[in-house]
């Protein structure tokens, strides 16, 4: 068109930008943007919205923000493009804030906007905000749109309210593949493997075609429940019957399936037959199970690959140290720690957090920075006493230090998760 000197309009630019976003052609998208700047369409709301969408799909969120902020006039499409972009690029908090800003400007959301912000709440596991958007959907009548309903099913599933998720699912007059997948994934995340498999089979019986995400949910459910044969059968059917080419996430689920069940040699054989090497999550999954089952041979094998794949990832050192520590090989533990120091690697301390009255309280191991530390540790002692009375026996193998058992018990008792739970238990007495 350029060579023919044909006049381009907003639809031309909108279409080519959509194409660039669809195949993540960032460089070509930038060139089109540069061309647009030299035309009368640089301030066109339709074209600017398409630019925001293109940059978001190409994962260049900063450029999308720049275009969005320079827009003198924005409509629901512009706001939605920015909101969806934030959500799809892992900036869920910014997505929720964008929705709030949109309302301040008096822009009424459509079903796609509302569905997108609910999905961001699901990613944040923020059921309080999500429930508010649910109420808005009911009041506005947008809850009847499948985009909103699917997002709500996902929201409640990810936030652990699986009964609400299933109730909404049952109330929907029309369900598509996304609806079924949302509920399947919710049950899988909730650890209900049998229900997940039943739903999956019902989905097939209704003639709906599962996608890659559906299989990730089903395989992860089989993994958590130790259903190795069933998971293996489903993985094979995904390839042979449904003609779906497995991606890294599917292979990671299978590694987890074998590893959790203690079938570490099968996990190694599976990895050796993969068309590509596992990612860091896959290797860490296997290494973590080697730690749990005390398999030094496969643990060292997995650690070597993980260190080669990601030399700055401390997980390989820490998990392999755990394997050695469980076997009492403190010299090897010391050697690994020295290796970390020599490379300037430092393990970030784990932390746990609990939300109360819209305030997030963060805890790390042996943390005494909270103003209610005395009360928290006092409550923790009571909880520990109750656990021991019920038969709890501390697992000393998870402590990676060559110290006395009494010191190991103290380390376990002051874990960040336990501190957060102790704070959450009698919090009305603290605040």
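Residue numbers (our numbering): 285 to 715.
Heads up, the beta-carbon is just placed ideally off N, CA and C, and yes, glycines get one too.
| Item | Value |
| --- | --- |
| What would DSSP say about residue 277, mapped onto helix, strand or coil? | A query on residue 277 cannot be resolved here, the shown segment of the chain reaching from 285 to 715 and no further. |
| Ends of the beta strand (DSSP E) at residue 645? | 643-648 |
| Output the boundary residues of the alpha helix (DSSP H) element that contains residue 639. | It is not in any alpha helix (DSSP H) - residue 639 instead sits in the beta strand (DSSP E) that spans 635-640. |
| Locate the alpha helix (DSSP H) running through residue 304, then write down its first and last residues. | 294-306 |
| Taking residue 501 and residue 468 to be in contact with their CB atoms under 8 Å, please state how far apart those CB atoms are, rounded to whole angstroms. | 5 Å |
| Considering Cα atoms alone, identify which of 427, 419 and 410 is closest to residue 394. | 427 |
| Where does residue 656 fall in DSSP's three states? | coil |
| Who are the Cβ neighbours of residue 514 in its own chain at under 6 Å, not counting the five residues just before and after it? | 506 |
| Who are the Cβ neighbours of residue 397 in its own chain at under 6 Å, not counting the five residues just before and after it? | 364 |
| Excluding the 5 residues preceding and the 5 following residue 429 in the sequence, name in chain order all residues of the same chain whose CB lies nearer than 6 Å to its CB. | 395 |
| Give the secondary structure of residue 717 by DSSP, where H, G and I count as helix, E and B as strand, and everything else as coil. | An answer regarding residue 717 cannot be provided, because it is not within the stretch 285 to 715 covered by the chain. |
| Comparing C-alpha positions only, which one of 491, 477, 486 and 347 sits nearest to residue 511? | 477 |
| With burial defined as no fewer than 16 other Cβ atoms inside 10 Å of the residue's Cβ, what is the status of residue 540: buried or exposed? | buried |
| Among 350, 295, 403 and 344, which one has its Cα closest to the Cα of residue 371? | 403 |
| Let's test the definition: count the other Cβ atoms within 10 Å of the Cβ of residue 406 and tell me whether it reaches 16, buried, or not, exposed. | buried |
| If you reduce the DSSP assignment to three classes, tell me which class residue 677 lands in. | coil |
| Whose CA, out of 525, 289, 313 and 291, lies closest to the CA of residue 300? | 313 |
| Along the chain, where does the alpha helix (DSSP H) containing residue 473 start, and where does it finish? | 461-473 |
| Report the rounded CA-to-CA distance for residue 577 versus residue 552, giving the unit in angstroms. | 14 Å |
| Cutting at 8 Å between CB atoms, please list the residues of its own chain near residue 775, excluding the five before and the five after it. | Nothing can be reported for residue 775, as the shown portion of the chain is limited to 285 through 715. |
| Is it right to say residue 458 is buried, meaning 16 or more other beta carbons lie within 10 angstroms of its own, or is it exposed? | exposed |
| In whole angstroms, give me the CA-to-CA distance for residue 357 and residue 421. | 26 Å |
| Considering just the uninterrupted stretch of the alpha helix (DSSP H) at residue 403, what are its terminal residues? | 395-408 |
| Spatial neighbours of residue 303 within its chain, please: CB distance less than 6 Å, with the 5 preceding and 5 following residues excluded, ordered by chain position. | none |
| Could you name the residues of the same chain whose beta carbon sits closer than 7 Å to that of residue 295, not counting the 5 residues immediately before and after it, in chain order? | none |
| Hey, how far is the Cα of residue 686 from the Cα of residue 597? | Interpretation of residue 686 is limited by its pLDDT of 45, a score under 50 that renders its predicted location unreliable; the figure taken from the coordinates is listed afterwards. Cα-Cα distance, rounded: 24 Å. |
| How should residue 287 be labelled, buried or exposed, when 16 other C-beta atoms within 10 angstroms of its C-beta is the threshold for buried? | exposed |
| Do residue 602 and residue 580 have their CB atoms nearer than 9 Å? | no |
| Expressed to the nearest angstrom, what Euclidean distance is found between the alpha-carbon atoms of residue 350 and residue 336? | 9 Å |
| If we call anything under 9 Å between Cβ atoms a contact, is residue 534 one with residue 496? | yes |
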